[in-house]
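Chemist:
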Amino acid sequence: MKNVYLRTLKEFDYEDVEAHLLVVGDLKGDCFHCREIGIDYLSASRCPQCGTEFKYIASRQPKSSGVKLMSSLHNKRPDLIFVELDDILFYKNRERAQGLFS
Ligand SMILES: [Zn+2]
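If you read the sequence shown in the numbering used here, its first letter stands for residue 20, the second for the next number, and so on.
#1: Are at least three pairs of beta-carbons, each pair with one atom in the stretch 100-107 and one in the stretch 57-65, less than 8 Å apart?
#2: Between LEU41 and ALA77, is the Cβ-Cβ spacing less than 9 Å?
#3: Taking the alpha helix (DSSP H) that VAL36 belongs to, which residues open and close that run?
#4: With a CB to CB cut of under 8 Å and the five nearest residues on each side skipped, what residues in its chain are close to LEU88?
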């Protein structure tokens, strides 16, 4: 059988992911670190604004796009690790909430 894509769970350093994340929208990408928009996600290795090196990629498309979208992005950017944006936002929101009560 040929190789297939399977979603897995792995532990990551949240601050590293947040600092090096390229988020893909409909046509362009944006830097999760400095919010620069209009980045060519097919070729950018660094953010043109803050200079961060991209190591991770996520999509704003709904989760229902699933494996098809993930594998498509992986084929376009095999140098980046695909992560779920919802997962990043979950931890970001949790961090904000904890900040409010500390
Ligand atoms: Zn940036």
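Backbone N, C-alpha and C define an ideal beta-carbon position, used for all residues, glycine too.
These numbers were taken from a predicted model, which means no experiment stands behind them.
Modeler: With the structure as the only source:
#1: Counting Cβ pairs under 8 Å, fewer than three are found: no touch.
#2: Taking 9 Å as the cut-off, the Cβ atoms of LEU41 and ALA77 count as close.
#3: Run containing VAL36: 33-38, per the alpha helix (DSSP H) assignment.
#4: Contacts found: SER78 and GLN80.
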